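Asker: Note that this note's numbering has the sequence shown beginning at 1, numbered continuously upward.
Cβ atoms here follow ideal geometry from the backbone N, Cα and C, with glycine treated the same way.
Small disclaimer: the values here were computed from a predicted structure and weren't measured.
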Amino acid sequence: MLYLDNAATTVKKPFAVYARLIKSTVFGGGNAGRGGHKRSMEAARAIVDAQDLTARLFNIPEPQNIAFTQNATYALNTAIFGTAGEGGHIVVTAMEHNSVLRPAHRLGNYTVVAADRNGFVHAADVERAVREDTRLIVCTHASNVCGTIQPVYEIGRIAKKRGIPFLIDAAQTAGCLEIDAVRMNADMIAFSGHKGLMGPLGTGGLYIKNPERVAPLAVGGTGSYSESAVQPDIMPDKFHSGTMNTPAIAALGAGVKYVLRHGAKYIGEYEKRLADIFKESLLNMDNVTVYGSDNSVATVAFNVGTLGSEETFERLRGKAAVRAGYHCAPLAHRALGTEAGGAVRASFGVFNTKADAERMTDYVYRVSKNLKG
């Protein structure tokens with residue numbers, strides 16, 4: 001079956017990722033920070049190595065300020081509740097994932113900045129949403145629904161000018177777009193480990209420029225300052241409570257190393273070429289609607305005729321692994337005009353080929369042709 005659900009997770013990984021996962025599990029297995037013996041020290045070293053590699057990829061000056069989490073959702077929750085959990089107003093956009101919208105809803109004091117019909121958020125609208133009590137600005141780097149890339153550099157400059165922390169959700173862009181924490185004026189970057197970085201499932205992370213300003217979501221054993229009842233302030237221990245999934249983090253490091261070797265820019269451009277082949281073919285079909293902007297990552301959202309996205313998915317079942325529905329981003333669908341039934345999403349990865357794009361085009365054409373008939 002053709003796999004085009006890379007926006008959810010990459011299924012095919014570099015061989016080095018599998019090898020590192022097995023090696024760390026079978027020949028390692030020590031608990032980082034919970035002993036001075038060889039296996040514990042090797043586990044701690046694996047986490048530090050993964051920090052160093054990720055810092056290189058994102059141009060982060062302080063590798064120790066990267067905390068690993070079980071996913072981007074946990075990273076976003078940590079950043080949002082840790083910054084604005086005691087009150088204060090936050091600014092989010094209509095293109096955010098529920099990993100941002102639901103924490104904002106729980107806090108209650110937030111403003112949603114609208115997006116246009118292509119899923120693009122204008123930086124000037126973000127600035128207009130800022131209030132005197134605004135504690136945080138959150139923006140996705142690229143939409144998980146249609147792939148539209150947001151003006152995070154411009155928003156970062158606004159946040160810096162206004163003295164407001166800026167959080168970027170890079171779940172869809174880490175590994176396929178160049179990310180520069182310094183040039184973006186990013187105070188925090190949440191990222192997924194199992195998508196463009198090609199690490200195992202259950203990996204993600206959060207970069208925090210000023211960790212002293214962010215409260216941890218969970219506290220507990222860190223292996224450091226064990227005699228104290230107070231959570232340590234040192235990084236990354238402040239956000240690393242409990243046993244870390246060290247084999248997966250080590251394997252994530254191997255995925256990041258792969259991206260560094262080939263270049264996020266090259267990978268993203270390759271994936272985008274495949275998505276554009278597919279998208280251009282869809283645009284030439286009379287009975288297909290495509291959503292989003294040309295300035296996007298390799299994600300294509302579409303619907304066929306009057307079919308609901310789930311029905312289109314059923315007609316593609318067994319042929320192509322894509323996703324249909326609302327993709328955990330209801331406000332994005334309202335902006336795109338797909339709130340009635342969602343959209344089908346095809347997302348390309350580095351291990352897809354031009355032949356895959358052509359096969360998917362043929363599958364959608366058959367659905368469209370049968371509908372017309």
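For serine 24 and threonine 246, what's the separation of their Cα atoms in angstroms?
Answerer: To locate residue 24, count along the sequence shown from 1; it is residue 24. To locate residue 246, count along the sequence shown from 1; it is residue 246. Spanning the two alpha carbons is a distance of roughly 8 Å.
Asker: Tell me, which residues are paired with threonine 148 by DSSP?
Answerer: Stepping through the sequence shown from its first residue, residue 148 is reached at position 148. Ser296.
Asker: Got a sec: is the Cβ-Cβ distance from tyrosine 326 to anything in chain D below 7 Å?
Answerer: No chain D appears in the structure shown, which is made up of a single protein chain.
Asker: Should aspartate 356 go down as buried or exposed, given a rule of 16 or more other Cβ atoms within 10 Å for buried?
Answerer: The residue given as residue 356 occupies position 356 in the sequence shown. Counting the other CB atoms within 10 Å of its CB gives aspartate 356 a total of 16 or more, which places it among the buried residues.
Asker: Beta-carbon within less than 7 Å of alanine 129's beta-carbon, same chain only, minus the 5 sequence neighbours each way: which residues are those?
Answerer: Here residue 129 is taken as the residue at index 129 of the sequence shown, counted from 1. Around alanine 129: Val91, Thr111 and Val113.
Asker: Can you say whether isoleucine 234 is buried or exposed, counting buried as having 16 or more other CB atoms within 10 angstroms of its CB?
Answerer: What you label residue 234 is simply residue 234 of the sequence shown in a count that begins at 1. Label assigned to isoleucine 234: exposed.
Asker: Report the CB separation of threonine 148 from glycine 119 in whole angstroms; it is logged as a contact under 8 Å.
Answerer: The residue given as residue 148 occupies position 148 in the sequence shown. The residue given as residue 119 occupies position 119 in the sequence shown. Going by Cβ atoms, the distance from threonine 148 to glycine 119 rounds to 4 Å, so yes, they are a contact pair.
Asker: So, under 8 Å CB-CB, alanine 75 and glycine 204 are touching, yes? Tell me the CB distance rounded to an integer number of Å.
Answerer: Within the sequence shown, numbered from 1, the residue matching residue 75 stands at position 75. Within the sequence shown, numbered from 1, the residue matching residue 204 stands at position 204. Correct: roughly 5 Å between the Cβ atoms.
Asker: Tell me the start and end of each unbroken alpha helix (DSSP H) in the segment 297 to 327 that is at least 4 residues and wholly inside, in chain order.
Answerer: 309 to 316
Asker: Report yes or no: do three or more beta-carbon pairs, one from the segment 163 to 178 and one from the segment 316 to 330, lie closer than 8 Å?
Answerer: Under the three-pair Cβ rule at 8 Å, the segment 163 to 178 does not count as touching the segment 316 to 330.
Asker: Do cysteine 146 and glutamate 271 come within 7 Å of each other at the CB atom, strictly closer than that value?
Answerer: Position 271 of the sequence shown, counted from the first residue, corresponds to residue 271. Position 146 of the sequence shown, counted from the first residue, corresponds to residue 146. Contact: no.
Asker: How long is the line joining the alpha carbons of proline 151 and glycine 305, rounded to whole angstroms?
Answerer: Position 151 of the sequence shown holds residue 151. Position 305 of the sequence shown holds residue 305. About 32 Å.
Asker: As a quick exercise: from Phe58, Leu2 and Leu4, pick the residue whose alpha carbon is nearest that of leucine 260.
Answerer: If you number the sequence shown from 1, residue 260 lands on position 260. The residue with the shortest Cα to Cα distance from leucine 260 is Phe58.
Asker: Is the separation between the beta-carbon of alanine 84 and that of alanine 190 shorter than 7 Å?
Answerer: On the sequence shown, position 84 is the one that residue 84 refers to. On the sequence shown, position 190 is the one that residue 190 refers to. No, Cβ-Cβ distance for alanine 84 and alanine 190 is not below 7 Å.
Asker: Under the rule that 16 or more other beta-carbon atoms within 10 Å means buried, what is leucine 1, buried or exposed?
Answerer: To locate residue 1, count along the sequence shown from 1; it is residue 1. The sequence given here places methionine at residue 1; leucine does not occur at that position. Result: exposed.
Asker: Between the Cα of leucine 21 and the Cα atoms of Ala50, Asn6, Asp5 and Ala7, which residue gives the shortest distance?
Answerer: As a working note, residue 21 is residue 21 in the sequence shown. Leucine 21 has its Cα closest to that of Ala50, out of Ala50, Asn6, Asp5 and Ala7.
Asker: Considering only residues of the same chain and omitting the five flanking positions on each side of phenylalanine 81, which have a CB-CB separation below 7 Å?
Answerer: Numbered from its first residue, the sequence shown carries residue 81 at position 81. So the qualifying residues of the chain are Pro103 and Leu217.
Asker: Please look up how many angstroms separate the CB atoms of asparagine 303 and alanine 343, rounded, as I've assumed it's under 8 Å.
Answerer: Sequence index remark: in the sequence shown, residue 303 carries index 303 (1-based). Sequence index remark: in the sequence shown, residue 343 carries index 343 (1-based). That pair is a contact at about 6 Å.
Asker: Which one of Lys13, Arg135, His240 and Thr173 has the shortest CA to CA distance from alanine 44?
Answerer: Residue numbering aside, residue 44 sits at position 44 when the sequence shown is read from its first letter. Of the candidates Lys13, Arg135, His240 and Thr173, His240 places its Cα closest to the Cα of alanine 44.
Asker: Cα separation between glutamate 375 and arginine 273?
Answerer: The first residue shown for the chain is 1 and the last is 373, placing residue 375 beyond what the model contains.
Asker: Does the segment 352 to 368 come into contact with the segment 279 to 298, if we say contact requires no fewer than three beta-carbon pairs (one atom in each stretch) closer than 8 Å?
Answerer: yes
Asker: Would you mind reading off the limits of the alpha helix (DSSP H) that contains tyrosine 18?
Answerer: Translated into positions along the sequence shown, residue 18 becomes position 18. In the DSSP assignment, tyrosine 18 falls within the unbroken alpha helix (DSSP H) covering 15 to 23.
Asker: Compare the C-alpha of proline 236 against each of Val256, Lys265, Leu206 and Gly292 and name the closest.
Answerer: Here residue 236 corresponds to residue number 236 of the sequence shown, with the count starting at 1. Per the Cα distances, Leu206.
Asker: Closest by CA to threonine 69, which one among Pro200, Ala340 and Gly88?
Answerer: By one-based count along the sequence shown, residue 69 stands at place 69. Threonine 69 has its Cα closest to that of Pro200, out of Pro200, Ala340 and Gly88.
Asker: Sort out for me which residues DSSP pairs phenylalanine 191 with in a bridge.
Answerer: Here residue 191 is taken as the residue at index 191 of the sequence shown, counted from 1. Beta-bridge pairing links phenylalanine 191 to Gly205.
Asker: Helix, strand or coil, according to DSSP, for serine 99 in the structure here?
Answerer: Numbered from 1 along the sequence shown, position 99 holds the residue referred to as residue 99. DSSP places serine 99 in helix when its eight states are reduced to three.
Asker: Could you have a look at valine 138 and say whether DSSP puts it in helix, strand or coil?
Answerer: For the purposes of this step, residue 138 is identified with residue 138 of the sequence shown, where counting begins at 1. In the structure shown, valine 138 sits in a strand (DSSP, three-state: E or B).
Asker: Starting from the C-beta of alanine 94, find all residues in its chain whose C-beta is less than 6 Å away, skip the five residues before and the five after it, and write them out in chain order.
Answerer: Your numbering for residue 94 matches position 94 in the sequence shown. If we look at alanine 94 and ignore the five residues flanking it on each side, its Cβ neighbours are Val112, Ala114, Ala115, Leu331 and Ala335.
Asker: For asparagine 65, which residues from the same chain have a beta carbon less than 8 Å from its beta carbon, with the 5 sequence-adjacent residues on both sides left out?
Answerer: Numbered from its first residue, the sequence shown carries residue 65 at position 65. Correct list, in chain order: Tyr207, Ile208, Lys209, Pro211, Met235 and Pro236.
Asker: Judging by CA-CA distance, which residue of Met198, Glu132 and Arg34 is the nearest neighbour of alanine 7?
Answerer: In the sequence shown, the residue the question calls residue 7 occupies position 7. Closest by C-alpha distance to alanine 7, out of Met198, Glu132 and Arg34, is Met198.
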